[in-house]
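**Student:** My structure is below; once you've seen it, I'll send some questions.
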Ligand code: TYD
Ligand code: MG
């Protein structure tokens, strides 16, 4: 087979068929290099079928028993993975620097290793001694985790072939350096090459490979997004630096539901699991105050109650501020517009601030009604009745739409001592919950019902 040359840009990773002085994709000068062949191409049987052949799906199932999952015994992590670790899978754990990725993965490595999985932790960021210190702090010195401090991809693959671990942790993918790729560690081309080779190793040897990727602001270092498509599972570790809560969220999972979350608390001795996040998110909520509303949400398979806080204040500025933390700014603009257009409640001349308490991020449209309630409550300076949760979607017409899993939301609210709920009429009636329900049909009815006099 005639070998055709390809050329790649060391800055953006684009490939082109001929050399040129300037990259056609990103416009950078002197960044085009001939692409060296990979040290090992994808092996013929890497994904379970022979090269150049196909099999019926039913055959595949009978050929090999579905791989068993391994559990960490950290319930929050196991659930986010979709029920444990799948062999021959590649997992990316992204997050801001300093958020706790190394801490989480060292704890996970120890837990998996104690569960009997042969585990190798490759650190390219910390020296082995530093890692040992961290393990000491976490009380994990005795865990049977093997450590390799290395950044050279070729050496790491040699180690992996020799040790054949069942679980490999690569901390981080941005420090890995493949000597056949002619660009600096952390560049798109390097990060892609390393992720590709490590994923190939996972598939070939049936190992689970977890790669850490730092989220980076635009710059020399390529973020985790450039390898999201190569891996089976993508998890993001989020949280506000000033808050102790950390949320592990699955944004892609070939072996389980996406959008699942695991909640952790950063303590002096590492990350502690938070089995009941609602309790934590509602902690410190005082007496009912104007602008504060409890939203009964669903995160993945679990109901989670969170407090929304709104502040509405007059401003002399011609362009009032709309600031939002933990929710979508465009969605806030929409709710404000619907309140103005359908209920004749103006927000012109008023600054609007919206905050999701506890550093939580919400993406559900079901939060619309809770946001509207918080905005109105802040604007009217009237607190909502105590022990009330709110959820429902608002459409542009001002109609309210019932949302999925009402029953679960109400059950969770009841469990935490709430006695009433405001949720759109229609949909499956969830009367069995024992909660007192207000069920307005549209936003005007909602405003009348809740803020009658206002
Ligand atoms: P780290 O896991 O190193 O973050 P990442 O790998 O994502 O860059 O965590 C860094 C922060 O976590 C650091 O600021 C200190 C804090 N931390 C604790 O609060 N308690 C602990 O037990 C540990 C190990 C870290
Ligand atoms: Mg780290």
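Numbering (my numbering), first residue to last: 56 to 509.
For glycine and all other residues, C-beta sits at the position ideal for the given N, C-alpha and C.
Note that the coordinates shown come from a computational prediction; the quantities given were computed from them, not determined experimentally.
Let me know the alpha helix (DSSP H) ranges lying completely inside the stretch 303-346, each 4 residues or longer, listed in chain order.
**Tutor:** 332-337, all fully within the stretch 303-346.
**Student:** Quick check on DSSP: helix, strand or coil for residue 501?
**Tutor:** Helix at residue 501.
**Student:** Run through the DSSP bridge pairs and tell me what residue 53 is partnered with.
**Tutor:** The chain is shown from 56 up to 509; residue 53 falls before or after that span and cannot be answered.
**Student:** Can you find a heavy atom of the ligand MG that lies under 7 Å from the Cβ of residue 125?
**Tutor:** The answer is no for residue 125.
**Student:** Any contact between the stretch 394-407 and the stretch 290-298? By contact I mean 3 or more CB pairs, one from each, below 8 Å.
**Tutor:** Short answer: they don't touch.
**Student:** Name the two residues that bound the continuous beta strand (DSSP E) containing residue 263.
**Tutor:** Segment 263-269, the beta strand (DSSP E) holding residue 263.
**Student:** Sorry if obvious, but does the Cβ on residue 294 come closer than 7 Å to a heavy atom of the ligand TYD?
**Tutor:** No, the Cβ of residue 294 stays beyond 7 Å of every heavy atom of the ligand TYD.
**Student:** In chain order, what residues of the same chain have a beta carbon less than 6 Å from the beta carbon of residue 266, not counting five sequence neighbours either side?
**Tutor:** Same-chain partners within the cutoff: 147, 225, 228.
**Student:** Using the rule of at least 16 other Cβ atoms within 10 Å of the residue's Cβ for burial, across every protein chain shown, is residue 213 buried or exposed?
**Tutor:** Result: exposed.
**Student:** Can you say whether residue 86 is buried or exposed, counting buried as having 16 or more other CB atoms within 10 angstroms of its CB?
**Tutor:** Flag for residue 86 reads buried.
**Student:** Mind listing which residues have their beta carbon within less than 6 Å of any non-hydrogen atom of the ligand MG? Chain order is fine.
**Tutor:** For the ligand MG, the selected residues are 156, 157, 180, 226.
**Student:** Near residue 247, which residues of its chain fall below 7 Å by C-beta distance, leaving aside the five closest residues on each side in sequence?
**Tutor:** For residue 247, where only same-chain residues beyond five positions count, the Cβ hits under 7 Å are 68, 281, 282.
**Student:** Heavy atom of the ligand TYD less than 7 Å from the Cβ of residue 206, yes or no?
**Tutor:** Result no, Cβ not under 7 Å from the ligand TYD.
**Student:** Apart from the five residues on each side of it in sequence, which residues of its chain come closer than 7 Å, Cβ to Cβ, to residue 208?
**Tutor:** If we look at residue 208 and ignore the five residues flanking it on each side, its Cβ neighbours are 231, 232, 233, 249, 252.
**Student:** Could you round the C-beta distance between residue 375 and residue 438 to whole angstroms and report it? I think they count as a contact, below 8 Å.
**Tutor:** With a Cβ gap of about 23 Å, residue 375 and residue 438 do not count as contacting.
**Student:** Compute the distance between the beta-carbons of residue 419 and residue 356, then report whether it is under 8 Å.
**Tutor:** No. Outside cutoff.
**Student:** Would residue 167 and residue 174 qualify as a contact pair, given that the criterion is a beta-carbon distance under 8 Å?
**Tutor:** Cβ distance < 8 Å, so residue 167 and residue 174 count as in contact.
**Student:** Helix, strand or coil for residue 358, going by three-state DSSP, please let me know.
**Tutor:** Of the three classes helix, strand and coil, the one that applies to residue 358 here is strand, per DSSP.
**Student:** Using only the alpha-carbon positions, how far apart do residue 180 and residue 423 sit?
**Tutor:** Each residue's alpha carbon lies about 42 Å from the other.
**Student:** Alpha carbon to alpha carbon, how far is residue 289 from residue 429? Give it in angstroms, no decimals.
**Tutor:** Computed Cα separation, rounded: 33 Å.
**Student:** State yes or no: is the C-beta of residue 261 within less than 8 Å of the C-beta of residue 279?
**Tutor:** No, Cβ-Cβ distance for residue 261 and residue 279 is not below 8 Å.
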